[in-house]
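Take a look at the structure below.
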Amino acid sequence: MGCGKSKNAKGPNNKKFLRDALNAHNRYRKLHGSKALKMNKELNTIAQEWAENIARTGTFEHNTCSYKGQSLGENLAMRYTSTSEELSGEQMTDQWYEEANTYNYNEDFQTGKGHFAQIVWSDTQQVGFGRAQGSDGKWYAVANYYPAGNYVGQFRQNVHPPKVDRI
C-alpha cells in the first residue's frame, strides 16, 4: 500500500459519509470536552485506500502508514448487511463509541476500549475516513487520526468523563 500516494484509490467515497462521520466524532468529542476534529484530505485518502485493501483481501488488520513522520491512530469497523444499506458515518462512529459505556476514567489503558478513547482523545486534531464494501457484502470502515492517541500513561489527561450524563 502506498499510504495515500496511490493514484488508483477511489478517494473519499461520498460526501455524506464523510460529513456524518465527522459530525458524529465531533458531537462525542464535545461531550467529553475535546476540541472538534478537522477533516484532512490526505488522511481520507489513506483511510480509503486501506478500506479498499481490506475489502479486496478480506484481511481485517491495521495499517502501518505514518503521516508527517508519525504513526497514525486508526479505528477499523466491519459490518455485514443483507440489504443494500450502506454503512453510514454515524453508524461506524456509534459502534466505536459504545465502548464508553464500560470505560473506567480512573484507569489508564483498557483492553477493548481503544476505539472510544481514540475518538475523544483530546490531543488528536485531524481525522480522515474511508469505507468500502467487499464482494461478500461486508462493509469495512477506517478512520485515521493525527496525532495518534491511545498512549499508555496519557489516558487520564486525554480521555475525560462526559460533561453531562449520556442518554
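The numbers in the numbering used here rise by one with no breaks, and the one at position 96 of the sequence shown is 96.
All C-beta atoms, glycine included, are put in the ideal place defined by N, C-alpha and C.
Compute every distance between the C-beta of residue i and the non-hydrogen atoms of the ligand ADP, then say whether any falls below 8 Å.
i     : result
Leu72 : Annotation note on the ligand ADP: not contained in the displayed structure, which lists no ligands.
With C-beta atoms as the reference, is residue i less than 9 Å away from residue j?
i      : j      : result
Gly139 : Thr83  : What sits at residue 139 in the sequence shown is Trp, not Gly. Contact: no.
Gly114 : Asn75  : yes
Ala36  : Lys30  : yes
Asn63  : Gln126 : no
Ala148 : Thr93  : no
Leu72  : Leu43  : yes
Lys163 : Gly89  : no
Got a sec? Which residues, its chain only, sit under 7 Å from residue i by beta carbon, not counting five neighbours each side?
i     : result
Gly11 : Because the pLDDT of Gly11 is 46, which lies under 50, any placement of that residue in the model is unreliable, and the number read from its coordinates should be weighed accordingly. Excluding positions up to five away in sequence, the list reads Thr45 and Gln48.
Tyr97 : Tyr28, Phe116 and Ile119
Ala51 : Gly130, Arg131, Ala132, Tyr140, Ala141 and Val142
Asn26 : Ala36 and Leu37
Ala55 : Ala132, Gln133, Gly134 and Tyr140
Take the Cβ of residue i as the centre, count every other Cβ of all protein chains shown within 10 Å, and call the residue buried at 16 or more, exposed below.
i      : result
Gly130 : buried
Tyr105 : exposed
Gln91  : buried
Gln182 : This structure cannot settle anything about residue 182, because the visible part of the chain is limited to 1 through 167.
Ala9   : With a pLDDT of 48 at Ala9, under the threshold of 50, the predicted position of this residue should be treated as unreliable, though the coordinate-derived value follows. With 16 or more Cβ atoms within 10 Å of its Cβ, Ala9 is classed as buried.
Gly69  : exposed
Gly33  : exposed
Phe60  : exposed
Gly58  : exposed
Asn150 : buried
Asn101 : exposed
Gly128 : buried
Asn14  : exposed
Quickly, what does DSSP pair residue i with across the bridge? List them, please.
i      : result
Tyr151 : Paired residues: none, contrary to the question.
Ala55  : DSSP lists no partner for Ala55.
Ala132 : Tyr140
Is there a C-beta anywhere in chain D that falls below 9 Å from the one on residue i?
i     : result
Asn75 : The question asks about chain D, but that chain is absent: this structure has only one protein chain.
Keeping to the same chain, check which residues put their C-beta closer than 6 Å to that of residue i; ignore five residues upstream and five downstream.
i     : result
Ala77 : Met92, Gln95 and Ala141
Glu99 : Lys113, His115 and Phe116
Skipping 5 residues on each side, what residues in its chain have a beta carbon closer than 8 Å to that of residue i?
i      : result
Tyr103 : Gln110, Lys113, Phe116, Ala117 and Val159
Leu18  : Pro12, Met39, Asn44, Gly89 and Phe129
Gly137 : Tyr80, Thr81 and Ser82
Pro161 : His32 and Tyr105
Report yes or no: do the region 115–123 and the region 145–159 share at least 3 C-beta pairs separated by less than 8 Å?
yes
- Touch check for the region 134–149 and the region 101–110: three-plus C-beta pairs under 8 Å? no
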